[in-house]
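Just below is one structure, and these are the notes that go with it.
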Amino acid sequence: ANCLAEIDLFVGWAQIAREWNYTCPDLDDSNTIEIEGGRHPVVEQMMRDQRLKGIPGEHDFVPNDTTLCSSEAQIAILTGPNMAGKSTYIRQVALITLMAQVGSWVPARKCRIGLVDRIFSRVGASDELSQGNSTFMVEMAETSYILHHATPQSLVLMDEIGRGTSTFDGLSLAWAAAHHMGEKAKAFTLFATHYFELTGMAETDPGVANVHLNATEHNERIVFLHKVQPGPASQSYGLQVAQLAG
């Protein structure tokens, strides 16, 4: 039974790699994560399923590159409007890293992964009412665990740290968390945020790089391009996103 299970696993990996055009990753001991044309394996399949069912909307996943290196930019501050794809982007980097290290091929054109010891994530918003913990308390507890346990070989995802409290306090906490990841933990970090003030860290810290997911306005509508570009975002488009929701 164990042998059959192992064969089934490898056949499944081979089938999905061939069907979805995955590539064989290069794994080494370098302090580098380089992904060229990376894609989110789950979202990509969901989009194709929607196309086959005739559901209107976007049906082609937009691939993106990622470069994190301890000798250059180890932290990427990711800005951009809601619905632009920030959470999808940071998740796909973690999934590609995980898939590479368990032995699977990965959804990318090219991939080089320096082995990581752990993947930490502070993504999403949820509370623990049964334990008396608010959404913000859960966020801070998870952030605290990451700050105390991340190493230079870790991959860290932080999505909108500090959004659960006042703007000034939230910005201060987000800045301190990003600073700690760069100065002390020195972990590979993808830091998605709406606090544009954080983009100023790149001016003083060579280990921080700004990237953004772009959008544009066309015929008084906002169009999400889902393409990662260097530099900070120009605006948040919060009012336009609210307009889309009516």
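Basically this note's numbering = 1-based index in the sequence shown + 5.
For every residue, glycine included, the Cβ atom is placed at its ideal position computed from N, Cα and C.
Keep in mind the model is a prediction, meaning the values are calculated, not measured.
**OP:** Rounded to whole angstroms, what's the CA-CA distance from D13 to Q106? Just pull it up for me.
**Re:** Mapped onto the sequence shown, residue 13 falls at position 8. Mapped onto the sequence shown, residue 106 falls at position 101. In a straight line, the C-alpha of D13 is about 19 angstroms away from that of Q106.
**OP:** Could you check the C-alpha separation between H199 and L160 for me, to the nearest Å?
**Re:** Here the question's residue 199 lines up with position 194 in the sequence shown. Here the question's residue 160 lines up with position 155 in the sequence shown. Cα to Cα, H199 sits roughly 21 angstroms from L160.
**OP:** Starting from H154, trace the alpha helix (DSSP H) both ways and give me its first and last residue.
**Re:** Residue mapping note: residue 154 aligns to position 149 of the sequence shown, counting from 1. Residues 140-154.
Original post:
Per DSSP, what kind of secondary structure is S126 in: helix, strand or coil?
Top reply: Stepping through the sequence shown from its first residue, residue 126 is reached at position 121. In this structure, S126 counts as strand in the three-state DSSP scheme.
Subject >> Nonlocal neighbours in the same chain, by C-beta distance under 7 angstroms from I101, ignoring five residues either side >> reply: Taking the first residue of the sequence shown as 1, we reach residue 101 at position 96. Excluding sequence neighbours, I101 sits near I40, G43, V111, P112, A113, C116.
Subject >> For M88, three-class secondary structure by DSSP >> reply: For the purposes of this step, residue 88 is identified with residue 83 of the sequence shown, where counting begins at 1. Coil.
Original post:
From what residue to what residue does the alpha helix (DSSP H) around D54 run?
Top reply: Taking the sequence shown and counting its residues from 1, the one referred to as residue 54 is at position 49. Its alpha helix (DSSP H) spans residues 46-57.
Original post:
Quick one: is A207 buried, meaning 16 or more other Cβ sit within 10 Å of its Cβ, or exposed?
Top reply: Within the sequence shown, the letter at position 202 stands for residue 207. Its Cβ being crowded by 16 or more others within 10 Å, A207 is buried.
Original post:
Among residues of its own chain, excluding the 5 on either side of P86, which ones have a beta-carbon nearer than 8 angstroms to its beta-carbon?
Top reply: For the purposes of this step, residue 86 is taken as the residue at position 81 of the sequence shown. Cβ neighbours of P86 beyond the five flanking positions: L218, A220, I227, F229, A238, Q240, S241, Y242, G243, Q245, V246.
**OP:** Name the one or two DSSP bridge partners that D33 has.
**Re:** Translated into the one-based positions of the sequence shown, residue 33 becomes position 28. Per DSSP, G119.
Original post:
Thinking just about the alpha-carbon of each residue, which of P30, V16, D31 is nearest to the one in E24?
Top reply: For the purposes of this step, residue 24 is identified with residue 19 of the sequence shown, where counting begins at 1. Of P30, V16, D31, the residue nearest in Cα terms is V16.
**OP:** Take H45 and list the residues in its own chain whose beta-carbon comes closer than 6 angstroms to its own, dropping the five residues that flank it on each side.
**Re:** As a first step, residue 45 is located in the sequence shown; it is residue number 40 there, counting from the start. T93, Q97, listed in sequence order.
Original post:
Got a sec? Which residues, its chain only, sit under 8 angstroms from V67 by beta carbon, not counting five neighbours each side?
Top reply: Stepping through the sequence shown from its first residue, residue 67 is reached at position 62. These residues qualify, in order along the chain: G90, L230, H231, K232.
Original post:
Looking only at C-alpha atoms, which of N224, I124, D174, N7 sits nearest to L152?
Top reply: Walking along the sequence shown from the start, residue 152 turns up at place 147. Of N224, I124, D174, N7, the residue nearest in Cα terms is I124.
Original post:
Can you name, in chain order, every residue of its own chain whose Cβ lies under 6 angstroms from the Cβ of K191, other than the five neighbours on each side?
Top reply: Reading the sequence shown from its first residue, position 186 is the one you call residue 191. So the list reads P157, once near-sequence residues are dropped.
Subject >> Separation of L73 from E202, as counted between CA atoms >> reply: Counting from one through the sequence shown, the residue named residue 202 turns up at place 197. Counting from one through the sequence shown, the residue named residue 73 turns up at place 68. Using only the alpha carbons, I get a separation of about 21 angstroms.
Original post:
Per DSSP, F196 is paired with what?
Top reply: Position 191 of the sequence shown, counted from the start, is the residue given in the question as residue 196. I82, M163.
**OP:** For the beta strand (DSSP E) holding N224, just list the boundary residues, first then last.
**Re:** For this step, residue 224 is matched to residue 219 along the sequence shown. Run containing N224: none; DSSP gives neither H nor E here.
Subject >> Reduced DSSP category for K232 - H, G, I as helix; E, B as strand; rest coil >> reply: Counted from its first residue, the sequence shown places residue 232 at position 227. In the structure shown, K232 sits in a strand (DSSP, three-state: E or B).
Subject >> Separation of A81 from D34, as counted between CA atoms >> reply: By one-based count along the sequence shown, residue 34 stands at place 29. By one-based count along the sequence shown, residue 81 stands at place 76. Whole-angstrom Cα-Cα distance: 21 angstroms.
Original post:
Candidates A250, V128, A214: which alpha carbon is nearest Q79's?
Top reply: Taking the sequence shown and counting its residues from 1, the one referred to as residue 79 is at position 74. If we check each option's Cα against that of Q79, A214 comes out closest.
Original post:
So, is L9 buried or exposed, given that buried needs 16 or more other C-beta atoms within 10 angstroms?
Top reply: For the purposes of this step, residue 9 is taken as residue 4 along the sequence shown, with counting starting at 1. Label assigned to L9: exposed.
**OP:** Would you grab the beta carbon distance between I95 and A182 for me? Rounded to a whole angstrom, and I think it's under 8 angstroms.
**Re:** The sequence position of residue 95 within the sequence shown is 90, counting from 1. The sequence position of residue 182 within the sequence shown is 177, counting from 1. Contact check for I95 and A182: beta-carbon distance about 15 angstroms, past the 8 angstroms limit, so the pair fails to qualify.
Subject >> Sub-8 angstroms separation of I186 and R127 beta-carbons >> reply: Within the sequence shown, the letter at position 181 stands for residue 186. Within the sequence shown, the letter at position 122 stands for residue 127. According to the sequence displayed, residue 186 carries Met and not Ile. No; because the gap between Cβ atoms is not below 8 angstroms, this pair is not in contact.
Original post:
Just how far apart, CA to CA, sit E50 and L57?
Top reply: If you number the sequence shown from 1, residue 50 lands on position 45. If you number the sequence shown from 1, residue 57 lands on position 52. Here the sequence assigns Gln to residue 50, which means Glu is not the residue at that position. Going by the C-alpha atoms only, they are around 11 angstroms apart.
**OP:** Whole angstroms is fine: what's the gap from L176's alpha carbon to F141's?
**Re:** To locate residue 176, count along the sequence shown from 1; it is residue 171. To locate residue 141, count along the sequence shown from 1; it is residue 136. Going from the Cα of L176 to the Cα of F141 covers about 14 angstroms.
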